[in-house]
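Participant:
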Amino acid sequence: MSANLFDILSRSITDAAATAIETPAGDRITYADLVARTGQMANALIGLGVRPGDRVAVQVEKSPEAIILYLATVRAGAVFLPLNTAYTVAEVAYFIGDAEPALLVCDPARAAELAAIAEQTGARRATLDANGRGSLPDAAANTSPDFATVPRDADDLAALLYTSGTTGRSKGAMLTHGNLVSNALTLRDAWRFTKADVLIHALPIFHTHGLFVATNVTLFSGASMVLLPKFDPGRVLGLMARATVLMGVPTFYVRLLESATLDAAATARMRLFISGSAPLLAETHREWQARTGHAILERYGMTETNMNTSNPCDGARVAGTVGLPLPGTEVIVTDPDTGAHLPQGEIGMIEVRGANVFKGYWRMPEKTAAELRANGFFITGDLGRIDDKGYVHIVGRAKDLIITGGYNVYPKEVEAEIDDIDGVLESAVIGVPHKDFGEAVTAVVVPTGQPHLTEADVTKALEGRLARFKRPSRVVFVDALPRNTMGKVQKNLLRDRFAGGA
Ligand code: AMP
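In the numbering used here, the protein residues as written are 50 to 551.
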């Protein structure tokens, strides 16, 4: 039997008349429409020369048609390659050169700029705008909705997602039909999704969170999603009156907490608030629970592995942890130097294995061999530990670890202490080059302004709370921390900025 994600999805549809996607403008796409429209779009892709195994590179705004394009690409047996809408022409040129797609779909406003790049690699071009219009939907409108989904094996590629690549070249993570389907089904069950659910979809769809976690879990449950073009706190709050689940990055929750109308009554109909893609501060978790009565469910995953761990639906959702390994996923902690399995409770490299783990990096066999062990474990690059109840705690990215005078300093531990100081909104702790110690601990602090803080206040407050070698030798104040679209603090930018002095 075909393991094509779309075949498995269509076999699971029990109510074809139910809404799959709706928009704030009131458009409604049922499951029957989804089958018909992805059929038309798949026919249009074939007409444009897309063959099974070909990559379809897509840099478009979020819209229902963009989701239809994702599913149609998968139906055609091709490989969906979404690109961040913020990428410049030069950045897109790298991805196109590396992935050699058969087709590049972009916003009409970008078509002229990208034409030369597409031509160099022989990619054909089509357009799709934020309102679902363009040459691709025009071509689809003239085709039949009947399309025989191309049979695929579980091991065949469904998508190629480039990692955010804060250091070095961005790598293309090869995700198979089996990877995506297994994770969608695991999360559907773990988070108790049913067809009664209505998801507030406010995430971008060029990233694993909005594209796979949000979209696939909803569709594999027969549930529906309200597709917002972007995160808008007022709109999200308004939708809580009739939705059941929100999936967000931590910044969503921080921004929503700024709203005076967020309270238990406003969230009474909601069933579940999920957070991931970046660490959720324990303080945000507590504040959310105090205001709404809901404990945010934090989960952990990455482009290469889909989701690995999650706090439970029933059971303790522990603030500051990313929960337990998901069924079918093994999580171990190893010595970063030797790879040896560490005893429970010790901090080390988080490694994961399971049907969720990708096939390797596109055309980078050495990188694949360096990060994906022959025994199937993927070396995540995240440092963490597993507590005596089995919950995973992430202490930061391995590359953010600070080694000062031979001692390891885990930024998260220092950040947690700084964040507890009255007058601190948030902080990021980085290592900057130091001629004696190798690296020196530097704290970048965002103050609340109330009370006014000085460097000496922060340093003094940390005395007695942290060993001397962990305490920052410098504290600098900034208005805001630099974050990428998924809410991750860009420590590489802070390291560049503060390397030679404030
Ligand atoms: P990406 O591939 O862009 O999804 O980034 C994956 C990385 O995001 C992981 O390796 C973690 O460093 C980080 N991440 C994802 N979820 C969490 C979480 N709940 N807490 C802390 N870090 C997270």
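Where a beta carbon is used, it is the ideal one built from N, C-alpha and C, also for glycine.
1) If you measure between the beta carbons of residue 154 and residue 176, is that distance less than 9 Å?
2) Could you give the DSSP three-state label for residue 422: helix, strand or coil?
3) Where residue 61 and residue 264 are concerned, what is the direct C-alpha to C-alpha distance, given to the nearest angstrom?
4) Rounded to whole angstroms, what's the CA-CA distance from residue 411 to residue 166? Just pull it up for me.
5) Going straight from the alpha carbon of residue 551 to that of residue 417, what length do you get?
6) For residue 438, which option in 364, 230, 403 and 464 has the closest C-alpha, if you only look at C-alpha atoms?
7) Is the closest heavy atom of the ligand AMP to the C-beta of residue 349 under 8 Å?
8) Could you tell me whether any non-hydrogen atom of the ligand AMP is closer than 8 Å to the CB of residue 406?
9) For residue 398 and residue 375, which I take to be in contact (beta-carbon distance under 8 Å), what is that distance rounded to the nearest angstrom?
10) Is the segment 469 to 477 touching the segment 497 to 507, taking contact as three or more C-beta pairs under 8 Å?
11) For residue 426, which residues of its own chain have a beta-carbon under 6 Å away from its beta-carbon, when the five flanking residues on both sides are left out?
12) Just to check, is the beta-carbon of residue 239 closer than 8 Å to a non-hydrogen atom of the ligand AMP?
13) Taking 8 Å as the cut-off, is the C-beta of residue 430 nearer than that to any heavy atom in the ligand AMP?
14) Residue ranges of each beta strand (DSSP E) run of no fewer than 3 residues wholly in the segment 205 to 282, ordered along the chain?
15) Do the segment 173 to 193 and the segment 114 to 124 make contact, defined as three or more Cβ pairs closer than 8 Å?
16) Which value, in whole angstroms, describes the spacing of the CA atoms of residue 323 and residue 540?
17) Go to residue 90, then tell me how far its alpha helix (DSSP H) extends in each direction, as first and last residue.
18) Report, in whole angstroms, the separation of the C-beta atoms of residue 127 and residue 103, which I expect to be a contact under 8 Å.
19) Does residue 195 come out as helix, strand or coil in the three-state DSSP assignment?
20) Suppose the cutoff is 7 Å on Cβ atoms and the five residues either side in sequence are ignored; what does the same chain contact list for residue 58 look like?
21) Have a look at residue 535 and residue 52 and give me their C-alpha separation to the nearest angstrom.
22) At a cut-off of 8 Å, is residue 328 close to the ligand AMP when judged by its beta-carbon and the heavy atoms of the ligand?
23) Sorry if obvious, but does the Cβ on residue 111 come closer than 8 Å to a heavy atom of the ligand ADP?
24) Bridge partners for residue 431 per DSSP, in chain order?
25) Report yes if the C-beta of residue 71 is less than 8 Å from at least one heavy atom of the ligand AMP; otherwise report no.
26) Would you mind listing the beta strand (DSSP E) stretches within the segment 448 to 479 that are 3+ residues and don't spill past its ends, in chain order?
27) Rounded to whole angstroms, what is the Cα-Cα separation between residue 25 and residue 367?
28) Roughly how many angstroms lie between the CA atoms of residue 39 and residue 328, to the nearest whole one?
29) Whose C-alpha, out of 440, 479 and 465, is nearest the C-alpha of residue 450?
30) Got a sec? Which residues, its chain only, sit under 7 Å from residue 482 by beta carbon, not counting five neighbours each side?
31) Report buried or exposed for residue 193, applying the criterion of at least 16 other Cβ atoms within 10 angstroms of its Cβ.
32) Check whether the Cβ atoms of residue 253 and residue 111 lie closer than 9 Å to each other.
Facilitator: The answer reads as follows:
1) Between residue 154 and residue 176, the C-beta gap is smaller than 9 Å, which places the two residues in contact.
2) Coil at residue 422, not helix or strand.
3) Each residue's Cα considered, the two are about 15 Å apart.
4) Going by the C-alpha atoms only, they are around 20 Å apart.
5) Note on residue 551: pLDDT 48, under 50, position unreliable in the model; no value is reported.
6) Ranking 364, 230, 403 and 464 by CA distance to the CA of residue 438 puts 364 first.
7) At least one heavy atom of the ligand AMP falls within 8 Å of the beta-carbon of residue 349.
8) Between the ligand AMP and the CB of residue 406, the shortest heavy atom gap is not smaller than 8 Å.
9) About 19 Å; that fails the 8 Å criterion.
10) The segment 469 to 477, when compared against the segment 497 to 507, does touch it at the 8 Å Cβ threshold.
11) Correct list, in chain order: 400 and 402.
12) No, since every heavy atom of the ligand AMP falls outside the 8 Å radius drawn around the Cβ of residue 239.
13) Yes, the beta carbon of residue 430 sits closer than 8 Å to at least one heavy atom of the ligand AMP.
14) Counting only runs of 3 or more, we get 206 to 211, 221 to 225, 247 to 250 and 273 to 276.
15) Contact between the segment 173 to 193 and the segment 114 to 124 is present: three or more C-beta pairs spanning the two stretches fall below 8 Å.
16) Cα-Cα distance, rounded: 24 Å.
17) Residue range 80 to 96 is occupied by the alpha helix (DSSP H) that includes residue 90.
18) Contact flag correct, Cβ pair sits at about 5 Å.
19) Residue state for residue 195 is assigned as coil, using DSSP reduced to three classes.
20) Counting only Cβ-Cβ distances below 7 Å, and skipping sequence neighbours, we find 268 and 269.
21) Roughly 30 Å between the two C-alpha positions.
22) Result yes, Cβ under 8 Å from the ligand AMP.
23) This structure lacks the ligand ADP; the ligands present are the ligand AMP.
24) Answer is 446, bridged to residue 431.
25) The answer is no for residue 71.
26) Taking only runs of at least 3 residues, the beta strand (DSSP E) segments lying wholly in the segment 448 to 479 are 451 to 453 and 456 to 458.
27) With the chain covering 50 to 551 only, the question about residue 25 has no answer from this structure.
28) The requested residue 39 does not occur in the structure, where the chain is confined to residues 50 to 551.
29) The option with the nearest alpha carbon to residue 450 is 479.
30) Apart from the 5 residues on each side of it in sequence, residue 482 sits with its Cβ closer than 7 Å to the Cβ of 488 and 548 in its chain, given in chain order.
31) Per the 10 Å Cβ criterion, exposed.
32) It is a contact, given that the beta carbons lie within the stated cut-off.
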